[in-house]
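Below is one structure, written out as structure tokens; comments come after it.
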Amino acid sequence: MSAYIIVTLVAYLLGSISFSVIISKKMAGFDVREKGSGNAGATNMLRSVGKKGAIFTLIGDCLKGVVAILFAIIVGKIAKNTDKALLVQLAGIAVVLGHTFPIFFGFKGGKGVATSLGVLLIINWQIGLICLVFALLLMALTRFVSLGSVSAAILFPVLTIFIHSHYIVDGSYIIFALLLGAFVVFNHRANVKRLLEGKENKLSFKGTK
63 MSAYIIVTLV AYLLGSISFS VIISKKMAGF DVREKGSGNA GATNMLRSVG
113 KKGAIFTLIG DCLKGVVAIL FAIIVGKIAK NTDKALLVQL AGIAVVLGHT
163 FPIFFGFKGG KGVATSLGVL LIINWQIGLI CLVFALLLMA LTRFVSLGSV
213 SAAILFPVLT IFIHSHYIVD GSYIIFALLL GAFVVFNHRA NVKRLLEGKE
263 NKLSFKGTK
């Protein structure tokens, strides 16, 4: 039981490191959550701070997911009589929760897309790449980041039903995928409403650095 608690706690604390807040304060002298959409994510960083800040944020947020899963795998190898797949899934959920509700930054974080991407890519690189390409294509065609993100979150659990290979740890990931996908969609509920109303902002690189 202690292994599950340790993995969940460490993953949550990793997720709570808000790179967008740290980088925006360092590069621009303000908290990105005070600008634009108020979201602590790469898209708001792009609009409020610039391309460089957005790239650093995207990389940092993805790496949180990767490191959390790697930590779970290490603990699974050390701790005896543990469900290694469950450890990985707990880490994946916890790191995204930490990103969305960071204890170090007043529980006001991002929507978990980049961190979820890091989790997906390391849990199953095949599913991760499919979701990434699918999201990028939708974003390129529509210029709606939220549409690509939500669609990929919905696609993830669907893919787990049909793809049973390339998982970093063997196990069933359908429930995990449903929970993570639903959480990302829930975090985009305001975006979905604006999409349906035709009021969602399109991604633009104009004016960014």
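Letter by letter, the sequence shown follows residues 63 to 271 of my numbering. Glycine residues also receive a C-beta, built at the ideal position from the N, C-alpha and C atoms.
Asked: Tell me the residue span of the alpha helix (DSSP H) that contains Met89.; Found: 81 to 90
Asked: Let's test the definition: count the other Cβ atoms within 10 Å of the Cβ of Arg109 and tell me whether it reaches 16, buried, or not, exposed.; Found: buried
Asked: Return the CA-CA distance between Lys113 and Met107, expressed in angstroms with no decimal places.; Found: 8 Å
Asked: How many angstroms separate the CA atom of Ile136 from the CA atom of Val150?; Found: 10 Å
Asked: Please go through the region 150 to 194 and give each complete alpha helix (DSSP H) segment of 4 or more residues, from N-terminal end onward.; Found: 175 to 185
Asked: Helix, strand or coil for Tyr229 per DSSP?; Found: strand
Asked: What residues in its chain sit with their C-beta under 7 Å from that of Ser178, if we drop five residues either side in the sequence?; Found: Gly127, Val158, Leu242, Val246
Asked: With a CB to CB cut of under 6 Å and the five nearest residues on each side skipped, what residues in its chain are close to Ala73?; Found: Ala130, Ala153, Ala156, Val157
Asked: Would you identify the three-state DSSP class for Glu259, choosing helix, strand or coil?; Found: helix
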